[in-house]
Amino acid sequence: MTLQSPVRRGRSIHGRARALLALHEFCINRAANRTVNRNRRSISLSRSDHSRPPLIVGIGGTTRAASSTERALAFALRAAEAAGAHTRLFGGTFLHSLPHYAPEQPARTDEQRELIEAVRRADAVIIATPGYHGGVSGLVKNALDTLEELRADERPYLDGRAVGCIVTAYGWQAAGSVLTSLRSIVHALRGWPTPFGAGINTLETRFDSVDSCSDPKVIEQLATVGQQAAQFALAFNAQRAHGAPAASNHLTANRSSAPSTPTSIAADGRSARVLHAV
Numbered sequence: 003m004t005l006q007s008p009v010r011r012g013r014s015i016h017g018r019a020r021a022l023l024a025l026h027e028f029c030i031n032r033a034a035n036r037t038v039n040r041n042r043r044s045i046s047l048s049r050s051d052h053s054r055p056p057l058i059v060g061i062g063g064t065t066r067a068a069s070s071t072e073r074a075l076a077f078a079l080r081a082a083e084a085a086g087a088h089t090r091l092f093g094g095t096f097l098h099s100l101p102h103y104a105p106e107q108p109a110r111t112d113e114q115r116e117l118i119e120a121v122r123r124a125d126a127v128i129i130a131t132p133g134y135h136g137g138v139s140g141l142v143k144n145a146l147d148t149l150e151e152l153r154a155d156e157r158p159y160l161d162g163r164a165v166g167c168i169v170t171a172y173g174w175q176a177a178g179s180v181l182t183s184l185r186s187i188v189h190a191l192r193g194w195p196t197p198f199g200a201g202i203n204t205l206e207t208r209f210d211s212v213d214s215c216s217d218p219k220v221i222e223q224l225a226t227v228g229q230q231a232a233q234f235a236l237a238f239n240a241q242r243a244h245g246a247p248a249a250s251n252h253l254t255a256n257r258s259s260a261p262s263t264p265t266s267i268a269a270d271g272r273s274a275r276v277l278h279a280v
């Protein structure tokens, strides 16, 4: 039987200690490097974001001037501006000037073209509608139907855009059901509804002026909608700036091998498709 000398045992213990210490230092350095890399990516993203502020278009209101719906939308847009975005509001008065959208009629009014071009350039959209008899108002729905003109774009409809959803209603039942309906419409238009949607019970909450609201919690909710729309717009822009393929490109490739939907040829030679058919 061979006995190991105390000196050799000590050296073995010290060797293991040095190995453990080296491993510990390696783990610390690797964690530090990961933190630095995350910070560098964050700084790079921030610089890219500030070089091109996203455009967020607000669509909403009623036929009544200074409606709660339009004022709620303005609160969300101001929060988006605070997050670094440029905004443009199409309120109730403008929406009331839009004719009923008729896809079979090729002629478009100046107001229709103005809305179409603004949404075409938009990086995100925020939609605010009152809840009328359990559904989206006809005024707002007509504006969304007008976006059918974006069907042949590189980004068709609301593709690649974050969409914030706001609903005002005289009671909680309509607020909840209409918010669900509005999010479904956004999905049909290939948009990305923001995780948070604001439902406002105007029986309890008042908007006495353009910049005042009786409920601080509602102000916070509207700010969340605006901030999320801006944050997603910044993220999508950064993805495109770095040349990363968008999810919609893969979907387009998959759809190219799928059976085509029935189309008819309009008077100007363009294919006139069924509204929002995907």
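The opening residue of the sequence shown carries number 3 in this note's numbering; numbering runs sequentially from there.
Think of the CB as a built atom: it goes at the ideal place given N, C-alpha and C, for glycine as much as any other residue.
- Residue environment: residue 65 is assigned as exposed (fewer than 16 neighbouring CB atoms within 10 Å of its CB, all protein chains considered).
- For residue 212, no alpha helix (DSSP H) segment is defined, and its DSSP state is neither H nor E.
- When the beta-carbon positions are compared, residue 100 and residue 119 stay at least 8 Å from each other.
- Taking all protein chains shown into account, residue 136 has fewer than 16 neighbouring C-beta atoms within 10 Å of its C-beta and is therefore exposed.
- The continuous stretches of alpha helix (DSSP H) do not include residue 192, and DSSP gives it neither H nor E.
- By the Cβ test, the stretch 173-189 is not in contact with the stretch 212-225, since fewer than three Cβ pairs between them sit closer than 8 Å.
- Between the alpha carbons of residue 59 and residue 128 lies a gap of roughly 6 Å.
- Between residue 166 and residue 121, the C-beta spacing is not below 8 Å.
- For residue 178, the three-state secondary structure derived from DSSP is helix.
- By the neighbour-count definition (other C-beta atoms within 10 Å, threshold 16), residue 212 is an exposed residue.
- Burial is judged here by how many other beta carbons sit within 10 angstroms of a residue's own beta carbon; residue 69 has at least 16 and is buried.
- Segment contact: the stretch 187-196 against the stretch 147-164, three or more CB-CB distances shorter than 8 Å; contact assigned.
- In the DSSP assignment, residue 170 is bridged to 132, 202.
- In the DSSP annotation of this structure, the continuous segment of the alpha helix (DSSP H) that includes residue 242 starts and ends at 218-243.
- Check the Cα spacing between residue 175 and each of 225, 132, 197: the tightest is with 132.
- Burial state of residue 148 is buried, judged by a 10 Å Cβ sphere holding 16 or more other Cβ atoms.
- A straight-line Cα-Cα distance of about 36 Å links residue 156 and residue 67.
- The Cβ neighbour count for residue 95, taken over all protein chains shown within 10 Å, is under 16; the residue is labelled exposed.
- In this structure, DSSP gives residue 80 a helical state, which the three-state scheme calls helix.
- Taking 4 residues as the shortest admissible run, the stretch 58-131 contains the following complete alpha helix (DSSP H) segments, listed from N- to C-terminal end: 70-84, 94-99, 112-123.
- When DSSP states are grouped into helix, strand and coil, residue 154 belongs to the coil group.
- Residues 62, 63, 64, 130, 132, 170 of the same chain have their beta carbon placed closer than 6 Å to that of residue 71, with the five preceding and five following residues left out of the count.
- For residue 160, no alpha helix (DSSP H) run applies, since DSSP gives it neither H nor E.
- The beta carbon of residue 210 lies closer than 8 Å to those of 216 in the same chain, with the five residues before and after it left out.
- Contact between residue 57 and residue 76 fails: their C-beta atoms lie close to 16 Å from each other, not under 8 Å.
- The criterion of a C-beta distance shorter than 8 Å is satisfied by residue 230 and residue 197.
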